[in-house]
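Each remark here refers to the structure printed beneath this line.
Protein chains in written order, with this note's numbering: chain X, 9 to 325; chain C, 1163 to 1496.
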């Protein structure tokens, strides 16, 4: 899938019995070709794997060749982004190759690649210098030869804490699942920042790795809200709470982060647009290819707070 | 250049009818605000050509640029430069700008500025920190797009463009760490405003990631509160480096270190923030994080254009990142 093919106009001409000029005119929407012939040519071209370029003429605009490294399909927040990017690239009439983590060792060796997109967490210090425009999606580094696009989890998590405070919560716990994602650190800083903005103290015992630690806290001191770093974590927490007869959100509020896999779950969360991230990655690369020499930056995408139904007001209790 | 996106493509993508898409894009109503935003958002991402919907008066628009007088006095030129970038970005788009300085009395008494009260303006830009109540009064009185630059308040219903303090300070702290420093302090008054708080957390992120301890005695305030006069008090023991929340504080820190017979970078390494130190020799030596004012001005004008032509109705908070400027205030230690 996504392999760039080398189909020539002659191949299509031979298969359809028309001239190369007619094939070219048919593919690029030029006049002088009947609808019948045009459809026949396009069909044969697509069958042979030739990518029709929309309204671009033959004589101009070279096709841009993207290498997409999709590294981290276990991170549900990043999967599907490569699919959206592929859709955008196809709509533009450009070409792509879909690669994986094992291909990163060959990064920079492909001479026919115009630009790269790397999706997921990786050791950006070991990657060779990028000779062509390259965008990293999913974490923020500081290399000056790469653009980074990240969901702004720091400010996003601070917003969740703020919403909890607006709902009357002062004892806010943090479920810290252990993993290596760089964005989790941003979420944690956002939690701390949210506490600080509202004059709430940082308490070590409010940060736990599992619900056993939560139950160990004295009932009078126990958090009235549990902040999770993802929606599936939030779902686990809600299930554990309900097993002990604790109702969410009436007794305890629970929040997640990013989108939820199960659309019915209705978890209070921050949502980031994958389409926005995908579109920005392509735009950054195509801008650089046409000559934009701005320095490489980190682009922090803002999220939208989804109130849903796992956040409750404790002011009335 | 791209194949033309049609209404039916958008209808397919959003799951509504073509008529609904058309009404949403033209702002004719008939759909909830949420759905309208979603349709417009998806149309933009797909590259739909909005020019037919742009109101003709987006060209030649007049913008009031308000700056608190305390931030733009002569010799205090950070915000003068920001104003210059705004005026330039505006002029490129054929917008006219009128600068009005807001004195603290006008601000304190929530008086509507003259340029705004004149009724001749199509949009407002506020550069620097103005009181929330003052801004709220303006928003309540006039229904104009309003973009704030270089400061933000989450409780305000308007657009904001600021430099990404969290990312910037993360970069400067990582720079120190990559040069071998493990004992790193922070200079900035965290309670002063949200920008400085964000910078503290960028510093903290870098330290936490590297497994380094943050020592409370090396977190130094740089302002007295509430007067906001600059003052840095050195503790008895010192770290090997300080990540400062502004070039201004770094320069003041330099003076205090000199009083103790210490110099930068031989004894202590220092990084700043802003890349803007007017009239100080130290400014030519400081390694710092650049604030890309030109880019911020462009973003602000983009938002203004989108708001005035109706292509966006929600408020945005845009963070602008930039690069580290390496000079000579950091020494590598083993």
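The beta-carbon is built from N, C-alpha and C at its ideal position, and this holds for glycine as well.
Within the segment 1466-1493 of chain C, the runs of beta strand (DSSP E) at least 3 residues long that lie entirely inside it are, in chain order, 1479-1482. In this structure, residue 1259 of chain C lies away from residue 1273 of chain C, with their beta-carbon atoms at least 8 Å apart. In this structure, residue 143 of chain X sits away from residue 281 of chain X, with a CB-CB distance that is not shorter than 8 Å. For the C-beta of residue 1365 of chain C, not a single chain X residue is nearer than 7 Å; the gap to the nearest is close to 10 Å.
Against chain C, the beta carbon of residue 310 of chain X has neighbours under 9 Å at 1478, 1479, 1480 and 1481, listed in chain order.
For residue 250 of chain X, no beta strand (DSSP E) encloses it; the enclosing alpha helix (DSSP H) starts and ends at 239-251. For residue 1207 of chain C, the residues of chain X that pass the 7 Å Cβ criterion are 283, 284 and 287, in the order they occur in the chain.
Rounded to whole angstroms, the gap between the alpha carbons of residue 1167 of chain C and residue 314 of chain X is 29 Å. For the segment 1324-1335 of chain C, the set of positions with a beta-carbon nearer than 8 Å to some beta-carbon of chain X reads 1326, 1328, 1329, 1332 and 1333 in chain order. For residue 200 of chain X, the residues of chain C that pass the 8 Å Cβ criterion are 1363 and 1366, in the order they occur in the chain. By the C-beta criterion, the segment 1324-1333 of chain C is judged to be in contact with the segment 1446-1454 of chain C, since at least 3 inter-stretch pairs fall below 8 Å. Using a CB distance cut-off of 8 Å, residue 1250 of chain C does not count as an interface residue toward chain X. Straight across, the Cα-Cα distance linking residue 1343 of chain C with residue 195 of chain X is about 26 Å. Residue 1433 of chain C has C:1405 and C:1449 as its beta-bridge partners, per DSSP. Here DSSP, grouped into helix, strand and coil, assigns residue 75 of chain X to strand.
Taking a C-beta distance under 8 Å as the contact criterion, residue 318 of chain X and residue 246 of chain X qualify as a contact pair.
Listed along chain C, the residues sitting closer than 7 Å to residue 150 of chain X by beta-carbon distance are 1333 and 1336. As DSSP reads the structure, residue 124 of chain X sits in a beta bridge with X:75 and X:142. The C-beta of residue 1382 of chain C has 16 or more other C-beta atoms within 10 Å across all chains shown, which makes the residue buried. The DSSP assignment places complete beta strand (DSSP E) segments of no fewer than 3 residues inside the segment 80-119 of chain X at 103-107, in order along the chain.
Counting only runs of at least 4 residues, the segment 1330-1393 of chain C fully encloses the following alpha helix (DSSP H) elements, listed from N- to C-terminal order: 1356-1371. When the alpha-carbon of residue 163 of chain X is set against those of X:285, X:28, X:77 and X:265, the nearest one is in X:265. Within a 10 Å sphere around the beta-carbon of residue 1475 of chain C sit fewer than 16 other beta-carbons, which makes this residue exposed. Beta-bridge partners of residue 1262 of chain C (DSSP): C:1228. The residue among C:1184, C:1341, C:1417 and C:1418 with its C-alpha nearest the C-alpha of residue 1495 of chain C is C:1341. Secondary structure of residue 1292 of chain C (DSSP, three-state): coil. A residue is called buried when at least 16 other Cβ atoms come within 10 angstroms of its Cβ; residue 224 of chain X does not meet this threshold and is exposed.
By a beta-carbon distance limit of 8 Å, residue 1401 of chain C contacts residue 1345 of chain C. Their separation comes to about 4 Å. Comparing C-alpha distances from residue 212 of chain X to each of X:77, X:172, X:231 and X:73 shows the shortest one belongs to X:231.
Between the alpha carbons of residue 145 of chain X and residue 158 of chain X lies a distance of about 6 Å.
Under the three-state reduction of DSSP output, residue 1212 of chain C falls in the coil class, being neither helix nor strand.
Counting C-beta pairs with one atom in each stretch, the segment 1168-1186 of chain C and the segment 191-211 of chain X have fewer than three that are closer than 8 Å, which means they do not touch. The three-state secondary structure of residue 266 of chain X, taken from DSSP, is coil. Neighbours of residue 1204 of chain C in chain X, taken as residues whose beta carbon is under 8 Å from its own, are 283 in chain order.
Put simply, the CB of residue 216 of chain X is far from chain C, with every gap to its CB atoms at 8 Å or more. Listed by position along chain X, the residues whose Cβ is nearer than 9 Å to that of residue 1370 of chain C are 193, 196 and 197.
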